[in-house]
Structures are given as structure tokens and as C-alpha cells.
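Novice:
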Amino acid sequence: MLKELLYHIARILPFALLRKMANRPVIGINYHSIMGLDVDAEINKNVYRTKEELEADLQFLQKHYEVISPKEIIESKGAVKSSKQPKVFITLDDGLAIQYQHIVPILSKYNIKAIFFINPDFVDNKDLHYKRKVNYLIGMLNAEKIKDVEQQWGQIFKMVGIEPSYTTEDLYQIKYEYRTVLDQLAEVFQLSFTDLLEQQPVYLSSVQIKEMLDDGFYFGGHSMDHPNFKELNDDQQIAQSLTSIRWVVDRWNLPYALFAYPMNDQKISKNVINRVHQVADVSFGINGMMDELTPRHMPRITIEQSGKPIKQCLKYEYLRYLFLRLMNGKTYQRN
Ligand SMILES: [Zn+2]
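Numbering (my numbering), first residue to last: 1 to 335.
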């Protein structure tokens, strides 16, 4: 409701006015994929930018902002100096092969150095994210196939406290904690995630990452295997975060340490944010343009899933920032 209202109001206000009123010295834009290219049918339904739309975004940003290098973020530990022109940085989450194949060439065309946040468990296609496993199984199974293995299906689900309905709907009930159930189910149906990844690699390979690093792109951790942090306690969140940051730094011998929270960072506690900063120079969330507890935790904007032109998205984000600042005071609250 509020979102729609803000979009509506933002539509009639000029971009330059909103940008001036909000006066954000630096903003971040985060991307994942390119529309229509992902092998996961479910994920493919998400609204991403086409290659042309991504180029249009970058052209808009280069015209209205100073696109900065991640170097500036690392050296200032997030306290990026303001200049006449507001600044913007670009990041990409999830370490997808599509990013190497389709997004890097576009970034290079515009001479933009972005940060890529990766999950060590998936690099080189060693494993597949549990939600992608769910999507794959849903695509391969139906009620008839499930009926053939009814007893095993029931046993497996009951073991993790899910009352089975013997339809693919059951797969949506599987939480991160019980993700190994998905491997058991694949075996029951003689399906193999390893074969799938071999035929259709989803993630970046070490060779691709090395090439990207050599080309001046930056890398950071994004948790080991992309759990929903809401399902983890603080200690588990910290372990997931720090292990992934250290893995990326050690594996590639990086002189900096960066981290982006998987999924949503709005409920992440102060305690976790501070502990992560004992290792990471800078961390990143996905909370639009909000002021944070510390400049070392930087919010980012997701525009690709809005399906709207970048100018409209940014106008909405500026207005949301102004609105929330007016309602709640300046800083984003964390427990
Ligand atoms: Zn992610």
C-alpha cells in the first residue's frame, strides 16, 4: 500500500529535486542475473534486467552520478567522501556464471568495476543452493511419481516434522536446517544435482573468478551456502559470515575483506554487524538508501525485480528515504 502510494507520488516529482532533498552522498545498486537466461525455471520467472535494460541503467548512472571504484569504499571503510556529483557503486550477489558470461562484458564496456559476492560452497559448482534443489525437484516430479514411492516420501518428510501431503507442495516446507532431505529425495528418484551442475553450471568457476580479479573486479563473501539468516541464531550467522569472508580472502589472497548479507539484512542484530566488522572492512545490506549504524555497513538498492526504469526506482527510493527519515528519525534501528 505505502509502497504503491510512494511510487505514485514519486512519479510526479522531478528526479533532480528528490535527489537534492534526500542528499545521499553515495548509493549502491545490486544485481543478480539477466532476464530469461537462468537454467532454474522458477528463478527465471523473476523480473531481471535484459542486457539492453542493464546498459540503460548504467548509462543513466554514468550521466547522473559518479560511478566509483570499490577501492574508494574499501579505503574509506564505507565513509565515502561526498563530492559535487553524488556517487554510486555496483555490486552483484550469488556468484552466478551468467554474471561472467553476460554482465561482466557490459560492465567492462562502461569501464565499471563492481564487487561480486560469492558463496564458497557453490564456487566451481560443487553444490547447488537448497532452494534451487527444491525448484529442480518440483520441475521433475508430479503426484504420480510421488505415489510410486509414497512410503519413502512419507518417512523422509515425517523425519523432519513435516506432515506430507504427497504432492510437490511438500518440498516448499523444507527449511534450510533440513536441506539434506533434498539430497535423499533426489536419490529416491535417481536424480543427481551433481549431473545437473555438470550439464548446466550455475555458478562461477575458480578460473572465471581469477580472470575477473585480474581484470580489476572485486570479490567478497556472501555466507557459505546462502541460508536464510532469519532461520539462524546470532552465532550461526556470524560463523556463516566470517567463514565465507576468510575463505574468499585466503583463496584469492586479497588485501581487503568484504561481505554482503544473503537475502535480507533488516533483522540482522547490532551484535552480528559488529562481529562481522572485526573481519570485514565493509559489509553490505539491501535496505535501499537508509542511514545505518555505521558507514561500514552500507545499504544497497535492488532495482532489477521492480521491472521499472531506473529513474522511477531511484525516485521511489529517495522518497522512501525522505519519508522514513521524517517518520522515524534519521538512523535505521537495529536491536
Ligand atoms: Zn544472495
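Virtual Cβ for every residue (Gly too), placed ideally from N, Cα, C.
Which residues neighbour ligand 1 when neighbourhood means a C-beta less than 5 angstroms away from any of its non-hydrogen atoms? List them by chain order.
Specialist: Going by the Cβ distance cut-off, the answer is Asp93, Asp94, Pro262.
Novice: Does the distance from the CB of Ile73 to the CB of Met298 come in under 9 angstroms?
Specialist: Working through the sequence shown from its first residue, we reach residue 73 at position 73. Working through the sequence shown from its first residue, we reach residue 298 at position 298. Yes. Within cutoff.
Novice: Measuring CA to CA, which of Leu232, Glu177, Glu144 is closest to Ser165?
Specialist: Here the question's residue 165 lines up with position 165 in the sequence shown. Ranking Leu232, Glu177, Glu144 by Cα distance to Ser165 puts Glu144 first.
Novice: Is the segment 62 to 69 close to the segment 29 to 47, with three or more CB pairs under 8 angstroms?
Specialist: The segment 62 to 69, when compared against the segment 29 to 47, does not touch it at the 8 angstroms Cβ threshold.
Novice: What does the Cβ neighbour count give for Tyr332, buried or exposed, with the cut at 16 atoms within 10 Å?
Specialist: Mapped onto the sequence shown, residue 332 falls at position 332. Tyr332 comes out buried.
Novice: Is it true that the CB of Asp38 sits closer than 9 angstroms to the CB of Leu96?
Specialist: By one-based count along the sequence shown, residue 96 stands at place 96. By one-based count along the sequence shown, residue 38 stands at place 38. Yes, they are a contact pair.
Novice: Taking DSSP's pairing of strands, which residues face Phe407 in a bridge?
Specialist: Lying before the first or after the last residue shown, residue 407 is absent from the chain, which here runs from 1 to 335.
Novice: Can you name, in chain order, every residue of its own chain whose Cβ lies under 7 angstroms from the Cβ of Asp234, other than the five neighbours on each side?
Specialist: Stepping through the sequence shown from its first residue, residue 234 is reached at position 234. Excluding sequence neighbours, Asp234 sits near Ser269, Asn271, Val272.
Novice: Can you list, in chain order, the residues of its chain with a C-beta nearer than 8 angstroms to that of Leu293? Leave out the 5 residues immediately preceding and following it.
Specialist: Counted from its first residue, the sequence shown places residue 293 at position 293. Result list for Leu293: Lys270, Ile273, Thr331, Tyr332, Arg334, in chain order.
Novice: Please check the pair Asn125 and Pro70, which I expect to be a contact at CB under 8 angstroms, by giving their CB distance rounded to whole angstroms.
Specialist: Position 125 of the sequence shown, counting from 1, holds the residue named residue 125. Position 70 of the sequence shown, counting from 1, holds the residue named residue 70. Not really, about 25 angstroms apart at Cβ, beyond 8 angstroms.
Novice: Taking only three categories from DSSP, how would you classify His297?
Specialist: For the purposes of this step, residue 297 is taken as the residue at position 297 of the sequence shown. Reduced to three states, the DSSP call for His297 is strand.
Novice: Below 9 angstroms between beta carbons: does that hold for Val134 and Tyr172?
Specialist: As a first step, residue 134 is located in the sequence shown; it is residue number 134 there, counting from the start. As a first step, residue 172 is located in the sequence shown; it is residue number 172 there, counting from the start. Cβ distance < 9 angstroms, so Val134 and Tyr172 count as in contact.
Novice: Near Leu242, which residues of its chain fall below 6 angstroms by C-beta distance, leaving aside the five closest residues on each side in sequence?
Specialist: Position 242 of the sequence shown holds residue 242. Answer for Leu242: Val279, listed in chain order.
Novice: Can you pull the DSSP bridge partners for Ala260?
Specialist: Against the sequence shown, residue 260 aligns to sequence position 260. Paired residues: Phe284.
Novice: I want to know whether the segment 13 to 21 touches the segment 304 to 315 - three or more CB-CB distances under 8 angstroms.
Specialist: Result yes; three or more Cβ-Cβ pairs closer than 8 angstroms.
Novice: Per DSSP, which residues does Tyr166 bridge with? Please list them.
Specialist: Here residue 166 corresponds to residue number 166 of the sequence shown, with the count starting at 1. Answer is none; Tyr166 lacks a bridge partner.
Novice: How should Ile12 be labelled, buried or exposed, when 16 other C-beta atoms within 10 angstroms of its C-beta is the threshold for buried?
Specialist: By 1-based counting over the sequence shown, the position of residue 12 is 12. With fewer than 16 other Cβ atoms within 10 Å, it is exposed.
Novice: Could you tell me which residues DSSP pairs with Asn30 in its beta bridges?
Specialist: Numbered from 1 along the sequence shown, position 30 holds the residue referred to as residue 30. Bridge partners of Asn30: Thr91, Thr302.
Novice: Go ahead and pull the three-state DSSP assignment for Gly220.
Specialist: The sequence position of residue 220 within the sequence shown is 220, counting from 1. Three-state result, Gly220: strand.
Novice: Could you have a look at Asp127 and say whether DSSP puts it in helix, strand or coil?
Specialist: As a working mapping, residue 127 is identified with position 127 in the sequence shown. DSSP places Asp127 in coil when its eight states are reduced to three.
Novice: Considering just the uninterrupted stretch of the alpha helix (DSSP H) at Arg325, what are its terminal residues?
Specialist: Against the sequence shown, residue 325 aligns to sequence position 325. First-last of the alpha helix (DSSP H) with Arg325: 310 to 328.
Novice: Does DSSP put Arg246 in a helix, a strand or coil?
Specialist: As a working note, residue 246 is residue 246 in the sequence shown. DSSP places Arg246 in helix when its eight states are reduced to three.
Novice: If we call anything under 9 angstroms between Cβ atoms a contact, is Asn287 one with Gln305?
Specialist: Position 287 of the sequence shown holds residue 287. Position 305 of the sequence shown holds residue 305. Not a contact, by the Cβ cut-off of 9 angstroms.
Novice: In angstroms with no decimal places, state the Cα-to-Cα distance between His8 and Lys308.
Specialist: Taking the sequence shown and counting its residues from 1, the one referred to as residue 8 is at position 8. Taking the sequence shown and counting its residues from 1, the one referred to as residue 308 is at position 308. About 13 angstroms.
Novice: Hey, how far is the Cα of Ile98 from the Cα of Ile34?
Specialist: For this step, residue 98 is matched to residue 98 along the sequence shown. For this step, residue 34 is matched to residue 34 along the sequence shown. So the two alpha carbons sit approximately 7 angstroms from each other.
Novice: If we cut at 9 angstroms on Cβ distances, does Met298 have a partner in chain D?
Specialist: Here there is only one protein chain, and chain D is not present.
Novice: Work out the CA separation of Tyr130 and Val47 for me, nearest whole Å.
Specialist: By one-based count along the sequence shown, residue 47 stands at place 47. By one-based count along the sequence shown, residue 130 stands at place 130. For Val47 and Tyr130, the distance between alpha carbons rounds to 21 angstroms.
Novice: Determine the extent of the alpha helix (DSSP H) in which Asn271 is found, giving its start and end residues.
Specialist: Locating residue 271 in the sequence shown gives position 271, where the first residue counts as 1. It spans 270 to 276 - the alpha helix (DSSP H) in which Asn271 sits, taken as one unbroken run.
Novice: Do the CB positions of Glu55 and Ile138 come within less than 9 angstroms of each other?
Specialist: Stepping through the sequence shown from its first residue, residue 55 is reached at position 55. Stepping through the sequence shown from its first residue, residue 138 is reached at position 138. Contact: no.
Novice: Less than 8 angstroms between the CB atoms is what I'm expecting for Ile103 and Tyr31, so what's the real figure, rounded?
Specialist: As a first step, residue 103 must be located in the sequence shown, where it is residue number 103. As a first step, residue 31 must be located in the sequence shown, where it is residue number 31. So it is a contact: roughly 7 angstroms between Cβ atoms.
Novice: Does the beta-carbon distance from Gly220 to Phe284 come in below 9 angstroms?
Specialist: The residue labelled residue 220 in the question sits at position 220 within the sequence shown. The residue labelled residue 284 in the question sits at position 284 within the sequence shown. Taking 9 angstroms as the Cβ cut-off, Gly220 and Phe284 qualify as a contacting pair.
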